[in-house]
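Chains as they are written, first to last, in this note's numbering: chain A, 66 to 165; chain B, 701 to 867. Notes to accompany the following structure.
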Amino acid sequence: MITLNHYLVLSGVLFAIGLVGIMTRRNVLMILLCIELMFNAANLSFVAYGRALGDLNGQLIVLFVITVAAAEVTVGLAIAILMSRQLKTLNVDEVRQLKW
Amino acid sequence: MVEAVCFYLFSAVLLAAALLVVTSPQPIYSVLSLLVAMFCLASLFVMLGAFFVAAIQILLYAGAVLVLFLFAIMLLNLAPEALSRMRPFTLRAIGTLVGALFCVQLVGMLVRTASGPGTTAAATWTVREVARLLFTTYLLPFELTSFLILAAIIGAITLARVTRHDQ
């Protein structure tokens, strides 16, 4: 029988994969993609908890998370396009104008 | 039984697609693997009885966000070697190690705790209940998300537009 813990373990592993991606990839597009993976891991645990506890609020929170993620990725991709146009790079290690 | 088979099948495909997202050197393959992962997540949401969330997941993530990523990759039009450039090996290894430790800790903690309540017995909700809650309890946040989306659109246009000054 599939219990809440199965879904939580799956969500945790998915979150860890996204975290590894953020720490190893240097392309700003790949980092945004990995952030999407982590968002989805959190969404899965919200829905699983909502189901196991018999609470509909879990699904509603996921709807808001998806909306906020869509807004975040829109602005993030605009910044990536601006980066490639002005600094001619997408590597986040090369973007260090604010560092001294 | 069917539930367990479906769960393990979709989880395996989901984790394989997620690993491919992280390791694939070409961003276009990463985006397409993320598409596979989104569809697996939508199937898991259906198994959890969250039909509306599953539909929104496919419409919004697979339909809108990933298309946005594909457009960005097309617009940027980079050489493949510039795209596949990763960190030096040691930093990459340390990142993977930290991620693996995090994963082991999290999974170990969850395995040690008593297995939670089952996910099949609870009542199913239809779109009707979701909509009722969305337009009563969550009316104000729901309306505020439209402002958020508007701000994101204006911000994206302002950031990414080509001005005469740039050229």
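Using N, Cα and C, we set each Cβ at its ideal position, and we do this for glycine too.
- Query: Which residues, taken in chain order from the segment 101-114 of chain A, show a beta carbon closer than 7 angstroms to some beta carbon of chain B?
  - Reply: Glu-101, Leu-102, Asn-105, Leu-109, Val-112 and Ala-113
- CB of A/Gln-124 to nearest heavy atom of the ligand GDP: below 8 angstroms? The ligand GDP is absent from the structure shown, which contains no ligand whatsoever.
- Item | Closest Cα partner of A/Met-148 within the set B/Val-702, B/Glu-703, B/Met-701 and B/Arg-861 | Comparing Cα positions, the closest option is B/Arg-861.
- Local Cβ density within 10 Å of B/Thr-837, reported as buried at 16 or more and exposed below that: exposed
- As assigned by DSSP and simplified to three states, the class of A/Thr-68: strand
- Pull up the distance between the alpha-carbon of B/Thr-858 and that of B/Cys-740, whole angstroms please. B/Thr-858 and B/Cys-740: Cα-Cα distance of roughly 35 angstroms.
- Decide yes or no for the touch test of the segment 757-774 of chain B against the segment 788-802 of chain B: beta carbon pairs closer than 8 angstroms, at least 3 of them. no
- Query: Taking 9 angstroms as the CB-CB limit, is B/Glu-703 close to chain A?
  - Reply: Closer than 9 angstroms: yes.
- Task: Quick one: residues in its chain with C-beta nearer than 6 angstroms to the C-beta of B/Val-736, no 5 flanking neighbours on either side, listed in chain order?
- Result: Ala-717
- Item | Stretch-stretch touch, CB-based, cutoff 8 angstroms, three pairs: the segment 134-141 of chain A with the segment 763-778 of chain B | Counting C-beta pairs with one atom in each stretch, the segment 134-141 of chain A and the segment 763-778 of chain B have three or more that are closer than 8 angstroms, which means they touch.
- Task: Report the rounded CA-to-CA distance for B/Ala-750 versus A/Asn-122, giving the unit in angstroms.
- Result: Pairing B/Ala-750 with A/Asn-122, the inter-Cα distance amounts to about 11 angstroms.
- Query: Which value, in whole angstroms, describes the spacing of the CA atoms of A/Leu-163 and A/Val-140?
  - Reply: 20 angstroms
- Message: Between A/Gly-77 and B/Val-807, how many whole angstroms is the CB-CB distance? I'm expecting something under 8 angstroms.
- Response: About 6 angstroms separates the two Cβ atoms, so the contact holds.
- Could you check what DSSP says for A/Asn-92 in three-state terms: helix, strand or coil? strand
- Checking contacts by CB at 9 angstroms: is B/Glu-843 closer than that to chain A? no
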